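First the structure, in the form of structure tokens, and then the observations on it.
There are 2 protein chains.
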Amino acid sequence: MFTDHYELTMLEASLKSGAAHRRSVFEVFARRLAEGRRYGVVAGTGRLLEGLSAFRFRSEELDFLADHRVVGDETLQWLADFRFSGNIYGYAEGEAFFPYSPLLQIESTFAEACILETYLLSVLNYDSAVASAASRMTSAANGRPCVEMGSRRINEESAVAAARAAAIAGFTATSNLAAGLRYGVHTVGTAAHSFTLLHDSEREAFEAQVAALGRDTTLLVDTFAVEAGVRTAVEVAGTELRNVRLDSGDLVEQAHWVRSLLDDLGNRQTGIMVTSDLDEYAIAHLQSAPVDSYGVGTRLVTGSGAPTASMVYKLVSRQDGAGKWTDVAKASSGKASVGGRKSASRQLNASGQATAELIGVNRPAGADADDRPLQHTFMQDGELMPGWTGPEAVIRAADRHRASRAELPAAVRRLQPGEPVIPTVFADE
Amino acid sequence: MFTDHYELTMLEASLKSGAAHRRSVFEVFARRLAEGRRYGVVAGTGRLLEGLSAFRFRSEELDFLADHRVVGDETLQWLADFRFSGNIYGYAEGEAFFPYSPLLQIESTFAEACILETYLLSVLNYDSAVASAASRMTSAANGRPCVEMGSRRINEESAVAAARAAAIAGFTATSNLAAGLRYGVHTVGTAAHSFTLLHDSEREAFEAQVAALGRDTTLLVDTFAVEAGVRTAVEVAGTELRNVRLDSGDLVEQAHWVRSLLDDLGNRQTGIMVTSDLDEYAIAHLQSAPVDSYGVGTRLVTGSGAPTASMVYKLVSRQDGAGKWTDVAKASSGKASVGGRKSASRQLNASGQATAELIGVNRPAGADADDRPLQHTFMQDGELMPGWTGPEAVIRAADRHRASRAELPAAVRRLQPGEPVIPTVFADE
């Protein structure tokens, strides 16, 4: 039922007209990247493939549709029997993408593809928005670990998806336990200000934390006064204290003197974690400071200003009444689309660096043997291909993302607004 | 498991230190409204109360926590037995809110309140962000119906929450079927461009739609050329056609000539629905055009630039080891909080217009008999009070929102950035 009303009214009307059974190809793509972004990052594919296997209409849902006269008996019966039986191709998770990259292709009857529109777009639009922002953050952090801590800032299920998407884009851990359970993302966490305030003194709170979690923990030192907090932390936990966390104030300035203070106290091994409304720009600013890890929340899970990836789902080809394939496209002002089934390759130069996103219409893209094909088969005749789902898919996607980003021109690291780092070239142009 | 790792490590440490059993009061509030906003709108409370009754730790989750050594045996046993047994007070859904409004209070042991932090904030932050944006849109639309159509732009579960939050803030319908099923929100929908493109001509598509759905439907007329689309729509559906929908181009200019064309064709009763990246500013701009309803997507479900409501969850008071209540607050730079249990009333003048958000610390706010108390009891000793959940709560919240917004000064309708429309006044100042 992650479905828009109009998908079922279209289904109803096309079942009546008979057109529902025409074979069709729908494509997911974004006409543009988020404003000023150099690249996007695909995420959500594994999650949507997992969800498709559970995409059914149960009796309570069918009763609702019947009671509200959304559709008639023939359509209800079709929905009761629904199980996706088509083919799905597309970009692998973690891959960089550009305007018009054909991120997903659904090949099935119109009816089957039609009712998946909202679900597929919901998953890809949100997860890719987070992964695209997350990649800029890990790029800015340049090897320093980034931890996802934004669950509380966004819908509870979005939070799990965000933790997964961030892991694909290079975050090393999350605070979100459900993401650990479902997707194997490494989870971390220590204590909030409330834990310090619960106790009769900061010292008692630190003692309680160290007694329970050991010295390999992170003590939050800014509840009252940072300098006293750091001194108390070291007194309680000794030189083996893993981290102190700073969550307020001028983090650059604090990181410098807290580092000196820790060193003076003999805690050269104790790291400094910073949190507090970080985004890629704040991380870049903090790179000059002696910070060991970043905890990122709000700006990550809301896509750092771009909370959706602007992906759309368009019918690009379908059979006519006689079974002949016809390419289709709308001509709507400012929203015209390109008909025909797309193929995509990343054009690489002799040093293996990407130079263009090549898109072919009804023919292979990328004439050169070095060009890297971008589309994979995820589902064939309704059967899931192995390797694209579950925790292992997240690990593979994170590896793929590292490689895909490394292959792009150096301008990929620039945070300031600009054009996509490689152009999208339609091969028939 | 909509829980952050650190909530369980705090639980573990406080169970060990014994402080976990101290009675505590946590409060949810926002230090500021989204930038330039005049007011916020509470949403999500009903949804979180529904979720709390299912907030348990199941065996697969406990196994995960044990396998990953997140917590030890004592804590696992505590989690296995967990059922929230405290009290919850707060603002009703649909109510306007302002900086520091005490939107929710959780009174329980530290342990019970501690593990709810992420879940409560996730629900309130997202739902209130959407409701706050939605209210500005319905305010701008000034009585013209607004329909929520953003499901595809945001995580699939966020989409359902967004449809519910929009309904609370005055949207008349949603495209999202799950919101219809779960919360009784009225659902609507007709057809996408793909439906037109599926058929061999626009005329065949319109004929198929009208044959299946009748003339009381909305025909999408911009797939190819709008004028021809309107003429075909009228030829196919006649004067009883309910609506045409415009989804691209200059909507103001189109609405004017499409209205004239419809009138000339004898379709004075046929309405014009517009969609296409609308937000409160676009709606305000379109108010001068002959538009009958607005379909709003991306900008609604992403909070129109403010995708989270910046709410935080803070310990404000707790018992000490001897059972004596102590107010607590952190002093963190730029993030200081106010200790003590808050009460809240909306101060009203003789004409019933709101003049201030009154907040009392450890005493009632609002000395005047006309001041309207803002806090309700949602849960007592773990038992849900009637009337705050389910579809009827959404209807009541929408009524409440209309009344709450009408009570605010006229500047509440201004879309340009500014200060909150009433000040927040701490009664002990």
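Residue numbers (this note's numbering), protein chains in the order written: chain A, 1 to 429; chain B, 1 to 429.
Idealized CB from N, CA, C, for every residue including glycine.
Owing to the predicted nature of the structure, the values given are computational and were not obtained by experimental measurement.
Fill in: Contacting residues, own chain, Cβ-Cβ under 7 Å from B:ALA233 (five flanking each side not counted)
PHE206, LEU219, VAL221, LEU241 and VAL244
Worksheet item: With DSSP run on the structure shown, which of helix, strand or coil describes A:ILE359?
Response: strand
Worksheet item: Counting pairs of beta carbons, one from the stretch 81-93 of chain A and one from the stretch 373-390 of chain A, are three or more of them closer than 8 Å?
Response: yes
Discussion item. Tell me the rounded alpha-carbon separation between B:ARG69 and B:THR298.
Written reply: 41 Å
Worksheet item: What's the C-alpha gap between A:GLU253 and A:LEU198?
Response: 29 Å
Discussion item. Assuming A:PHE436 and A:TYR119 are in contact, meaning their beta carbons sit under 8 Å apart, how far apart are those beta carbons, in whole angstroms?
Written reply: Missing from the structure shown is residue 436 of chain A; chain A here goes from 1 to 429 and no further.
Worksheet item: Of all the CB atoms in chain A, is at least one closer than 8 Å to the CB of B:ALA411?
Response: no
Worksheet item: Since B:ASN125 is in the beta strand (DSSP E), which residue starts that stretch and which ends it?
Response: Looking at the DSSP string, B:ASN125 is not in any beta strand (DSSP E); the run it does join, the alpha helix (DSSP H), is 117-141.
Practice prompt. Sort out for me which residues DSSP pairs B:GLU107 with in a bridge.
Written response: B:VAL25 and B:ASN87
Worksheet entry | Rounded straight-line distance, which links the Cα of B:ALA403 to that of B:ARG136 | 15 Å
Item to complete: Determine the contact status of B:GLY339 and B:ASP320, defining contact as a CB-CB distance below 8 Å.
Response: no
Item to complete: Could you name the residues of the same chain whose beta carbon sits closer than 8 Å to that of B:GLY418, not counting the 5 residues immediately before and after it, in chain order?
Response: GLY36, ARG38 and ALA411
Fill in: 8 Å Cβ shell around B:VAL188 - same chain, five flanking residues per side excluded
VAL147, ALA173, THR174 and SER175
Fill in: N- and C-terminal bounds of the alpha helix (DSSP H) containing B:PHE206
202-213
Worksheet item: Between A:ALA178 and chain B, is there a C-beta pair that is closer than 8 Å?
Response: yes
Worksheet entry | Cβ-based burial, B:GLU429 [other Cβ within 10 Å; buried from 16] | Model confidence at B:GLU429 stands at a pLDDT of 48, short of 50, so the residue's coordinates are unreliable and nothing is read from them.
Worksheet item: Do three or more CB pairs link the stretch 21-29 of chain A to the stretch 104-122 of chain A at distances below 8 Å?
Response: yes
Discussion item. Taking 6 Å as the limit between beta carbons, can you name the residues of its chain near B:TRP325, skipping five residues before and five after?
Written reply: SER317 and GLN319
Fill in: the stretch 90-106 of chain B contacting the stretch 4-13 of chain B, beta-carbon criterion three pairs below 8 Å
no
Fill in: Integer-rounded CB distance, given that A:ALA427 should sit under 8 Å from A:GLU331
Just to set this straight, residue 331 of chain A is Ala in the shown sequence, not Glu. With 8 Å as the limit, A:ALA331 and A:ALA427 do not qualify as a contact, their Cβ atoms being about 22 Å apart.
Discussion item. For B:GLU407 and B:ARG413, I'd like the C-alpha separation in whole angstroms.
Written reply: 12 Å
Item to complete: Consult DSSP for B:GLY339 and reduce its assignment to one of helix, strand or coil.
Response: coil
Practice prompt. Take the Cβ of B:ASP4 as the centre, count every other Cβ of all protein chains shown within 10 Å, and call the residue buried at 16 or more, exposed below.
Written response: buried
Worksheet entry | CB-CB length for A:ARG32 against B:GLU117, believed under 8 Å | Actually they are not in contact, since the Cβ atoms of A:ARG32 and B:GLU117 sit about 37 Å apart, beyond 8 Å.
Discussion item. I believe A:VAL160 touches A:ALA43 by the beta-carbon criterion, under 8 Å. Please report the beta-carbon distance rounded to the nearest angstrom.
Written reply: Rounded, the Cβ-Cβ distance is 13 Å, inconsistent with contact.
Worksheet item: To the nearest angstrom, how far is it from the Cα of A:ASP371 to the Cα of B:ASP250?
Response: 41 Å
Practice prompt. Just tell me which of B:SER122, B:ALA133 and B:GLY170 has its CA closest to the CA of A:GLY150.
Written response: B:SER122
Worksheet item: Hey, is A:SER53's beta-carbon within less than 8 Å of any beta-carbon in chain B?
Response: no
Discussion item. Which of the three DSSP states is assigned to A:MET10 in this structure?
Written reply: helix
Practice prompt. Drop a sphere of 10 angstroms on the beta-carbon of B:SER248, count the other beta-carbons inside from all chains shown, and report buried for 16 or more, exposed for fewer.
Written response: buried
Worksheet item: Would you call the CB atoms of A:ALA336 and A:ALA140 closer than 8 Å?
Response: no
Worksheet entry | Burial state of B:ASN142 (16 or more Cβ within 10 Å) | exposed
Worksheet entry | Cβ neighbours of B:PRO444 in the same chain (closer than 6 Å, five flanking residues each side left out) | Missing from the structure shown is residue 444 of chain B; chain B here goes from 1 to 429 and no further.
Worksheet item: In three-state DSSP terms, what is B:VAL312?
Response: strand
Practice prompt. Would you tell me roughly how many angstroms separate the C-alpha atoms of B:SER310 and B:PRO391, rounded to the nearest one?
Written response: 27 Å
Worksheet item: Short check: CB of B:GLU157 to CB of A:SER158, under 8 Å?
Response: yes
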